[in-house]
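In our numbering, the protein residues as written are -14 to 173. Backbone N, C-alpha and C define an ideal beta-carbon position, used for all residues, glycine too. As structure tokens, the structure follows; a few thoughts come after it.
Structural data, given as structure tokens:
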């Protein structure tokens, strides 16, 4: 008969505390050199961390339904954006290490590097997001979707800490993604 798996409450509590700490510390941008590469339907910003690992932060030109419900309420993208019609132009944000081969495979964007450079990495991402949001002022909606909930929470915390005067944040089910998405809407 197999032995039951033991759980260690101290480890679980420690992991919970570490996650809380991680969410609190994403509060600074790190100036970053990057290469902007334009493709047919997206722009990639290629950059490196101190470890020499190269990453791509991609902004895909897409549309999102104005009927998308937000935060499990009666709010929709159309209400919040004060927009009419069926869709609105947006940037769909995707992030990966530069070794992604099959860009149509969402699992490729989940590659872990195990370089233990999350704080530096997300500081650099925040810097690039700021550059892009200033450059493309006509884009009022950014979407991060198809990511694990903890990754969405990290992005949410970055935007809350660094861009609270520029963007409002909402969760919703996107028609273009599977599962929960984070909708980042520029304040007027």
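By alpha-carbon positions, which one of the options ends up nearest to residue i?
{"i": "residue 108", "options": "165, 22 and 35", "result": "35"}
{"i": "residue 157", "options": "39, 139 and 58", "result": "58"}
{"i": "residue 20", "options": "113, 70 and 79", "result": "113"}
{"i": "residue 166", "options": "134, 143, 148 and 142", "result": "134"}
{"i": "residue 72", "options": "18, 125 and 79", "result": "125"}
{"i": "residue 51", "options": "64, 143 and 148", "result": "64"}
{"i": "residue 173", "options": "66, 11, 33 and 41", "result": "66"}
{"i": "residue 144", "options": "169, 122 and 136", "result": "169"}
{"i": "residue 141", "options": "150, 33 and 155", "result": "155"}
{"i": "residue 11", "options": "41, 68, 23 and 102", "result": "102"}
What residue does the alpha helix (DSSP H) around residue i start on, and which one ends it?
{"i": "residue 103", "result": "103 to 120"}
{"i": "residue 42", "result": "It is not in any alpha helix (DSSP H) - residue 42 instead sits in the beta strand (DSSP E) that spans 39 to 50."}
{"i": "residue 66", "result": "62 to 66"}
{"i": "residue 144", "result": "134 to 147"}
Which two residues bound the contiguous beta strand (DSSP E) that contains residue i?
{"i": "residue 158", "result": "152 to 158"}
{"i": "residue 126", "result": "126 to 130"}
{"i": "residue 31", "result": "27 to 33"}
{"i": "residue 123", "result": "Segment: none, residue 123 is in no beta strand (DSSP E) and carries neither H nor E."}
Since residue i and residue j should fall inside the 8 Å C-beta cutoff, what is the C-beta to C-beta distance between them, to a whole number of angstroms?
{"i": "residue 110", "j": "residue 80", "result": "7 Å"}
{"i": "residue 17", "j": "residue 82", "result": "Rounded, the Cβ-Cβ distance is 16 Å, inconsistent with contact."}
Open item on the list: Assess contact between the segment 42 to 57 and the segment 21 to 33, defined as three or more Cβ pairs (one per stretch) separated by less than 8 Å. Is contact present?
Closed with: With contact defined as three or more Cβ pairs closer than 8 Å, the segment 42 to 57 and the segment 21 to 33 are in contact.
- [ ] Give a yes or no on contact between the segment 122 to 141 and the segment 161 to 172, applying the rule of three or more CB pairs nearer than 8 Å.
- [x] With contact defined as three or more Cβ pairs closer than 8 Å, the segment 122 to 141 and the segment 161 to 172 are in contact.
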